[in-house]
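S.K.:
Written out as structure tokens, the structure is:
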């Protein structure tokens, strides 16, 4: 959309200056608001036209039976699917009895703007009805980052050139019709009318709807209250029925006269609480919100975001689009996690129904990379959610004949929801990804309470899984056969390198953490000898290597396979999964998304620099990036070992993934992993930041496009600001006790308030590796 | 069932002397009649009780949409499923207005017998109604092997101790309710009321029903006519409605007095013909059958079977159960194929709805082994059916990005009906299996008309598939990666040895046949150089070998995998597929069914004797025989290289597969491959018969259980009889021109009518290899 003519490039906003109905669904995702508990797509206030209406409550799902043409042991029987709950965003307007609908009449001006510092979505437009009556409308919408259950809308309509009679209808609507996009496996298949009405109330300016999700039994309550400022002779009425509650405010407006309405919304859900308890909870939250009022809610919102940007901001000088993109990304990541608390952070946050609202490894590997460095408390919450899944994950491991815990590949409440096991259950790396997120969090925080409370248990149960999943071969090596790594164009390989090095880290970290917390380890039943067995397996881990080519095969035998016929593949045949059968993709050398290259990043310690150069070059030639999870990984490793200009092109691709809708599915929601990837490309890539057991290190280096990169990170209760220039980097310890870290081979030590400047060594020039024909990273700027 | 107390051991019959309702469905399969075009399960005449009612017309199927939880390119959209067509077997009897139903009243005597020489199912019983009236009933049923559309039933009821009033209701019934066995993936999922009524007629002793299969549009006609012999004062009425036609004959019988009815049935179906055309065809067939009459139909039947046994009989001395089992098997195989003509031979023949009536590689590799050696014309017909699938198979190959033809893993009409591609589409060996069947047929017949007409085209199109599926690796080897071999406890392996050696044969055979028939090859577009490329690929074929263990891995890397924990697997956890996830089975060394061991048989020329010994021993230890296709293959190789006593135990297991319902699914139909396997175990195993490009050879050797084995085979228009004794073998050329073949290292030459006797060399003693604990072949006789 940065490429879309309706969008302007600004450092702190995403602004649309014309309404293009062809991309309405995409803009609804981009303008989505959330606090991690409640999410609202950027649907137009008046409800219609819409691309895809959406209001979500984290972990409110329905269950649908999963069909199988052939029965298979261990296949999950039902799918959890995110539910579009009661829509409280709707404020319809009648102008002289003509409903405001931008498809009809004339839209004389339009502007929508999402402000990353205020956390408010502003809209301003002027509309002329088919019969010629004009109104000017301004609306502001927020989902509160401070009051978890609450959203609010400020809506104002003004007469323009002659008197008009207006009626504002503020509504709650349940069981909206949702369009179905059937053929794309990445989209969700929305059920019809998933909500069973339980109660409806309308009383003065208030109304509420209570429903129960038909199949999962979850109970959902939505309530609204209103204040308004109106000319005299204004009338209000309210009414409710099973699926609709409505407050109507009728008034007449002279030119320049305004009717303004503030709508307060409160949402709640529960799997266990009674109807009255849930109603009371929502009524209480609503009362507090109304009492707070719009202005104070907006102030709270601004302060919460000021805090966030104060510890997390990234400044990019030289590329205004990148500046905008990274703040857009960080804003969405923050609002997806801020109040998620012990709930998951789905692949699309709460911005759309894509992937049925499921959470994958995207959270652990990508999103938590960003959160751990900027809002570590939210990272801990997300990992505590993982911990809450352990009973189900243990049961799943037992069902699969394994020890420890087998996390679901995709889930909302912890039950496996993947119906295609070769790319679901077999992707056991999810366990090591969770463990890696624990290790990263512990490295970055030294939070031993968390280690005792949740971290050790996660490490132990995942280590147990690996120990039972692998086996010792005749030569004493520890093999993990028949599993699927990150790359979804391969499956069921033996000794997938990513999986094995991540399992190795998992096993070692579990042993180390158990040793550090012996009492808790004892409670978890860690037997004497168990940690030794984990360390032994880690040490003996088989890491295949192709001596002939001098590279790591993604999995055993991978480099013996036929290389995909890239020259014979037409541009319109990407993504390949929609045009070729899996059997063909699996048996050839073609990589959907970074797999071995991601191992080079997350387990950089396990590979020599020469390995990294050769492996990166090899996989560049066969990686097609049909996944949004790839470009950012390639950016980070290209920044480490490859040409910086290539790295920057990947960073730009990651930055444009959603803003330019590169995968043509932003309508279903944003790609949180790719948003995190934009931050990773800048901070882990050009900042060269790594956090290992040895501490924090930086290997910064700027691409030509940027003249300066400045980022803030939180590390072990300190706040650090790093400014990377073309020749030197400056480190400032903004807050916290003395900190040591390294800059290239130098050790830097800083006291609170102090700074240090270090030269950036020049890098050897290397030729840029090639990509499959037509799959080079896109060019977004003429100079790159 | 040989073990079942109700069955007696006889050389030429299967006889049941008591009716056990608990195994009713199984006996319906065992007593099924068929001619390859029309099949009738052995349901009781009176329709109820039933285990599973079934009447089938070869290739009459319905289509059901295939559900997928995740969309995948190339997945078949619908499933073909065999339809239970109009039931013409039903003859109900009212005795003093009480319906005869063996669940009620008393069954005073019961006998059912299927005679392998007459091809008639006899039933005789005496029944006392709840109110005490007695009748004696005799029925005979046949599906004509001579008049393809025709079946006939002779039904006779006799008064016993006092006068009774009886009403015989002879019916045609469409859309019977069929019980559903939901949880077993090997069963079918029967649709409700698949037949749309089109017409019904009743006229005198005649009636007909015409239906159209709802989803596939196939039109089915069933008609009946009757003659009867009755006391005076007998009345008949007939009537018809959409799904039922009925002739009722009412009479009174004094003790000893009889009412006998002969019912003639004719069936027809068509995908293209008009309703009148189909009606006329069926009416014509019915007229001929009625004109022929029961006695002449029975004579024809006997003569057809005399012919069959004259060229095919196997005599076993020393084990009466084996004698019965092999004739039972041969009878069912013959009747499944006799009039199939250009239609498939499904895995269950026309004996039940198992596997949805699909045809798999079972036909090509197992069933055609038997047919080629005993009724080569039926083998040619089956291969011409395969040829008729080429347009669909070519389209499927194109869809998969391949050249040549990709045969469906399971099908009725040629479209892929496998919804689980790792064990369906990926099992590309089906193409080589078809080619192997062509090669075997050409070796055994030298039928060059067939080669020109169908054989070469099948060889060329399958060779083209292999050439496009494999690729040349860096070392010049020809690799076939990511495919599934016969063993369904592994999938998507690289260089599966069975697949590669069979593809090698396929490529070489295509090249040789194209060279022999240059004009036809030219018509098929075989380019200069193409045959050379096939030969080159065959020559360079990669055959993995594990030097450390000195065995062939089933596929690359297989022998590095963990060995299944057999000691930790309980007996009730077999078959493993119902108790463990595929991911776990695939990644470990555990073999469902002969894979490498089948390669040792079909491509015996590609392995040294030492290889065979070592490979057989290795795979014995990890093969669990959860498939009915395994024991017979193990029997053949055990007879070649292993202890003969082990071979005989596998032969017995194969012989008992259906008769003793070893897999607990005989209710769904017989296992034709395993029936063929019983013959293979005797002829290929203890007869040591092999047919190669070099000609016919025998390495006979008897297990202790047998004192003599005599079998007849058809070879290149000759009829040969081989008699194997303990010390010597006798070969007789019953019919045909001079024939040369080998007995061990001797060449034997015979003129018509002549015989030759040869000593059987003694075999080295070898220790018996072990099997997984609890998975040793069963013991059926105390002395083995």
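Residue numbers (this note's numbering), protein chains in the order written: chain A, -15 to 768; chain B, -15 to 768.
Glycine included, C-beta positions come from ideal geometry on N, C-alpha and C.
No experiment lies behind these values; they were computed from the predicted model shown.
1. For the candidate residues B:250, B:6 and B:467, whose alpha-carbon lies nearest to that of residue 262 of chain B?
2. Name, please, each residue of chain B whose Cβ falls closer than 7 angstroms to the Cβ of residue 466 of chain A.
3. Between residue 409 of chain B and chain A, is there a C-beta pair that is closer than 9 angstroms?
4. DSSP three-state label for residue 440 of chain A, please.
5. Given that a residue counts as buried once 16 or more other Cβ atoms are within 10 Å of its Cβ, and exposed if not, what is residue 187 of chain A?
6. Answer yes or no: does any C-beta atom of chain B fall closer than 9 angstroms to that of residue 540 of chain A?
7. Taking residue 303 of chain B as the query, report the chain A residues whose CB atoms sit under 8 angstroms from its CB, ordered along the chain.
8. Any beta carbon from chain B within less than 9 angstroms of residue 478 of chain A's own beta carbon?
9. Relative to the C-alpha of residue 331 of chain B, which residue among B:348, B:731 and B:315 is closest?
10. Return the residue from the list B:296, B:62 and B:9 that minimises the CA-CA distance to residue 696 of chain B.
11. Report the option in A:484, A:609 and A:720 whose CA atom is closest to the CA atom of residue 411 of chain A.
12. Express the C-alpha separation of residue 712 of chain A and residue 302 of chain A in angstroms, rounding to a whole number.
13. Please report whether the beta-carbon of residue 756 of chain B lies at a distance below 9 angstroms from any beta-carbon of chain A.
14. Using a threshold of 9 angstroms, state whether the C-beta atoms of residue 467 of chain A and residue 477 of chain A are closer than that.
15. Taking DSSP as the reference, what is the three-state secondary structure of residue 576 of chain A?
16. Comparing the C-beta of residue 3 of chain A with each C-beta of chain B, is any distance below 9 angstroms?
17. Rounded to whole angstroms, what is the Cα-Cα separation between residue 200 of chain B and residue 404 of chain A?
18. Taking C-beta pairs closer than 8 angstroms, name the residues in chain A that residue 53 of chain B reaches, listed in chain order.
19. How would you write the range of the beta strand (DSSP E) that residue 620 of chain A sits in, first residue to last?
20. Using a Cβ cut-off of 8 angstroms, which residues of the segment 446 to 464 of chain B contact any Cβ in chain A, in chain order?
21. Which residues mark the beginning and the end of the beta strand (DSSP E) in which residue 726 of chain B is found?
22. Answer with buried or exposed for residue 685 of chain A, where buried requires no fewer than 16 other C-beta atoms within 10 angstroms of its C-beta.
23. Does the Cβ-Cβ distance between residue 506 of chain A and residue 469 of chain A come in under 9 angstroms?
24. Tell me whether residue 753 of chain A is buried or exposed, calling it buried when 16 or more other Cβ atoms sit within 10 Å of its Cβ.
25. Nearest chain A C-beta to residue 491 of chain B closer than 9 angstroms, yes or no?
26. Residue 632 of chain A to residue 639 of chain A, Cα distance in whole Å?
27. Going along the chain, which residues of the segment 366 to 396 of chain B sit with their C-beta nearer than 9 angstroms to a C-beta in chain A?
28. Whole angstroms are fine: how far does the CA of residue -1 of chain B sit from the CA of residue 83 of chain B?
29. Are the CB atoms of residue 716 of chain B and residue 738 of chain B nearer to each other than 9 angstroms?
30. Would you say residue 563 of chain A lies against chain B (beta-carbon separation less than 9 angstroms)?
31. Under 9 angstroms Cβ-Cβ, which residues of chain A neighbour residue 546 of chain B?
32. What residues in the segment 116 to 128 of chain B have a beta carbon less than 9 angstroms from any beta carbon of chain A?
33. Using CA coordinates, which residue listed in B:655, B:116, B:136 and B:23 is at the minimum distance from residue 283 of chain B?
34. Any idea what DSSP makes of residue 746 of chain A, helix, strand or coil?
35. Going along chain B, which residues have a C-beta under 9 angstroms from residue 747 of chain A?
36. When the Cα of residue 707 of chain B is compared with those of B:311, B:134, B:691 and B:698, which residue comes out closest?
M.R.: According to the structure data:
1. B:250
2. 567, 570 and 571, listed in chain order.
3. yes
4. Residue 440 of chain A falls in the helix class under three-state DSSP.
5. By the 10 Å Cβ count, residue 187 of chain A comes out exposed.
6. Judged by the 9 angstroms Cβ criterion, residue 540 of chain A is in contact with chain B.
7. Going along chain A, no residue has its Cβ under 8 angstroms from residue 303 of chain B, so there is no contact; the nearest lies around 38 angstroms.
8. yes
9. B:348
10. B:296
11. Comparing Cα-Cα distances from residue 411 of chain A to each of A:484, A:609 and A:720, the minimum goes to A:484.
12. 16 angstroms
13. no
14. yes
15. coil
16. no
17. 29 angstroms
18. 50, 51, 52, 63, 403 and 404
19. Segment 615 to 625 is the alpha helix (DSSP H) holding residue 620 of chain A; no beta strand (DSSP E) there.
20. Of all residues in the segment 446 to 464 of chain B, 455, 457, 458 and 463 have a Cβ within less than 8 angstroms of some Cβ in chain A.
21. 723 to 727
22. buried
23. no
24. buried
25. Closer than 9 angstroms: no.
26. 10 angstroms
27. 383, 384, 385 and 386
28. 26 angstroms
29. In this structure, the beta-carbon distance from residue 716 of chain B to residue 738 of chain B falls below 9 angstroms.
30. yes
31. 454, 455, 456, 457, 463 and 465
32. none
33. B:136
34. coil
35. Those do not exist, as residue 747 of chain A stays about 33 angstroms from chain B at its closest Cβ, beyond 9 angstroms.
36. B:691
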